[in-house]
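With the first letter of the sequence shown counted as 1, position 69 gets the number 72 in our numbering; the numbers rise by one all the way through.
Scroll down for the structure; my scribbles are underneath it.
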Amino acid sequence: MSEDSSRAVWLPQARSYLRHADPVLARLIDDRPDFDPRAWLAQLPPMDLYGALLFQVTGQQLSVPATRRTLARIQALFGGHLPAPAELLGVDPGQLRQAGLSWRKIGTLRDLAGRLSDGRLDQDVLSTLPDDELMAELTAIPGIGPWTVQGALLIALGREDVVLPGDLALRKAIQAAYQLDHLPTQEEVLAIAEKWRPYRSLATSHLFSAAFEPAETPPVARHRSA
Numbered sequence: 004m005s006e007d008s009s010r011a012v013w014l015p016q017a018r019s020y021l022r023h024a025d026p027v028l029a030r031l032i033d034d035r036p037d038f039d040p041r042a043w044l045a046q047l048p049p050m051d052l053y054g055a056l057l058f059q060v061t062g063q064q065l066s067v068p069a070t071r072r073t074l075a076r077i078q079a080l081f082g083g084h085l086p087a088p089a090e091l092l093g094v095d096p097g098q099l100r101q102a103g104l105s106w107r108k109i110g111t112l113r114d115l116a117g118r119l120s121d122g123r124l125d126q127d128v129l130s131t132l133p134d135d136e137l138m139a140e141l142t143a144i145p146g147i148g149p150w151t152v153q154g155a156l157l158i159a160l161g162r163e164d165v166v167l168p169g170d171l172a173l174r175k176a177i178q179a180a181y182q183l184d185h186l187p188t189q190e191e192v193l194a195i196a197e198k199w200r201p202y203r204s205l206a207t208s209h210l211f212s213a214a215f216e217p218a219e220t221p222p223v224a225r226h227r228s229a
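In structure tokens:
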């Protein structure tokens with residue numbers, strides 16, 4: 004079975020599960036029957052795990068437009084594509100600063116690139132790790148926090164059970180959808196999301212679809228933290 008046909012079977016099953024698990028999601032899903040939860044990926048350049056982490060680190064503390072502008076300048080430095088680890092290490096850090104990255108972000112990305120280049124980390128091995136083990140490996144690097152890794156899990160690895168409890172925009176989307184009188188804490192987000200397992204990524208996508216215009220950038224570019 005091809006990936007497309009397999010997903011064609013998986014998606015309605017996952018939506019049916021979420022509809023029965025959570026009446027709020029049932030309403031959101033019924034309101035957008037044609038919503039494609041992965042359509043936003045077409046708005047992004049092709050990314051391996053390092054590229055997705057670069058994307059996420061770039062977006063820390065930045066607005067969506069600022070993230071896009073900085074990413075475009077980084078791509079321009081490397082002939083129109085996101086750099087591989089060795090390519091990033093080969094460029095003058097000052098050029099990355101001129102592209103819009105802070106020195107802290109440059110240090111984080113060079114640290115990660117160094118570990119991937121000298122063998123301390125291996126992208127192929129990392130990509131096979133369970134979510135929690137991958138999280139532990141990558142958050143050991145200064146400047147890479149849970150949100151950064153969670154975004155990479157979604158973008159590069161297509162993991163199906165990822166939620167971003169620290170994402171401010173997701174917390175606002177949950178507040179609106181569940182008609183809460185307060186902005187939920189990260190712990191409250193995780194508690195609400197527990198019933199979505201093992202399809203938390205799909206549930207998160209539907210919440211963002213409800214909260215923002217379809218053309219908006221996905222949740223992985225909206226957070227304001229590491």
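Don't be surprised by glycine CBs; every beta carbon is placed ideally from N, CA and C.
Test item: CB-CB of residue i and residue j under 7 Å
i	j	result
residue 203	residue 194	no
residue 83	residue 70	no
residue 32	residue 41	no
residue 111	residue 60	yes
residue 159	residue 120	no
residue 243	residue 176	Absent from the model: residue 243. The displayed extent of the chain is 4 to 229, so no value can be given.
residue 109	residue 96	yes
residue 205	residue 45	no
residue 85	residue 56	no
residue 168	residue 192	yes
residue 212	residue 35	yes
Reduced DSSP category for residue i - H, G, I as helix; E, B as strand; rest coil
i	result
residue 165	coil
residue 52	helix
residue 36	coil
residue 187	coil
residue 212	helix
residue 9	helix
residue 26	helix
residue 182	coil
residue 20	helix
residue 217	With a pLDDT of only 44 at residue 217, under 50, the local geometry of the prediction cannot be trusted, and the value read off the model is given with reservation. In this structure, residue 217 counts as coil in the three-state DSSP scheme.
residue 63	coil
residue 203	helix
residue 47	coil
residue 226	Reliability fails at residue 226, whose pLDDT of 48 lies under 50, so the model's placement of it is uncertain and the value that follows must be treated cautiously. It is coil, neither helix nor strand.
residue 14	helix
Problem set entry | Sequence ranges, alpha helix (DSSP H) only - wholly within the segment 68-93, length at least 4 | 88-92
For this session: Note down, one range per segment and in chain order, each alpha helix (DSSP H) of at least 4 residues found wholly within the segment 97-179.
Result: 106-120, 126-131, 134-142 and 149-158
For this session: Could you say if the segment 127-138 and the segment 101-114 meet the contact criterion of at least three C-beta pairs nearer than 8 Å?
Result: Touching, no.
For this session: Determine contact between the segment 129-141 and the segment 169-176, defined as no fewer than three beta-carbon pairs at a distance below 8 Å.
Result: no
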